[in-house]
Amino acid sequence: MPSRPDGPLDFPVMVEPNTQDSIDIEKRFFLSESKIRNLKAFISSDKSSTVQNPTTTEVVSALFYKCAATAGANLSNTGNSSNDSSSQLVLVSDLPKTIPPSIQSTTTIGNILTAFSTPTYNLEDLRLPKLVSDIRKSKLELSNKDNFKDNTWISKMLEYTNKVNIGIEDAQSYL
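Its first residue numbered 91, the sequence shown is counted upward by one per residue in the working numbering.
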């Protein structure tokens, strides 16, 4: 294996992975349609749930998050008497339908993403109906927020893209 350079890289150092020492782990989860329906029914029928028609994304995200947070708390508390494990679920949302018409471009390519999160949970708060309710609440807050007005950089980028696409020659004034 080549040694690491002391100064800046002129060319990248390519190192072939050692296949004997590397371990690739891939895990796929398959949830049948009937299991997802049962999960949705369980969440909808819970007395504390405020969500009557949960989406597949909401229930599966909540389930995976609960499993991961519980496993993480168990790992971090091994040999530790305190149970102070808190965590937060962060999800990403695509915003194409929330772009105001005044700055939409017919030739804009790509996705504009934003993140939203649930509150911070302690281990005892990880109940699926509560998680799904909080995911739904966070999504609603995101959809009620004017993400483009709040984010000047994105707004200016889209405005600049529109000006260039329309063919305005004075595009340099936006840089």
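The beta-carbon is built from N, C-alpha and C at its ideal position, and this holds for glycine as well.
Taking the C-alpha atoms as reference points, what is the distance between LYS137 and LEU181? 26 Å
Applying the 10 Å Cβ sphere with the 16-neighbour rule, what's the burial state of THR208? buried
Could you check where the beta strand (DSSP E) with LEU181 kicks off and where it finishes? 180-184
I need the boundaries of the alpha helix (DSSP H) containing PHE120, first residue and last residue. From DSSP, PHE120 is part of no alpha helix (DSSP H); its letter is neither H nor E.
For THR140, the residue or residues it bridges with in DSSP: Paired residue(s): none; THR140 is not in a bridge.
May I have the straight-line CA-CA distance separating ALA131 from GLU249, to the nearest angstrom? 45 Å
Answer with buried or exposed for ALA152, where buried requires no fewer than 16 other C-beta atoms within 10 angstroms of its C-beta. buried
Sequence-distant residues of its chain with Cβ nearer than 6 Å to ASP215 (five each side left out): none
What are the partner residues of TYR211, as DSSP defines its beta bridges? SER177
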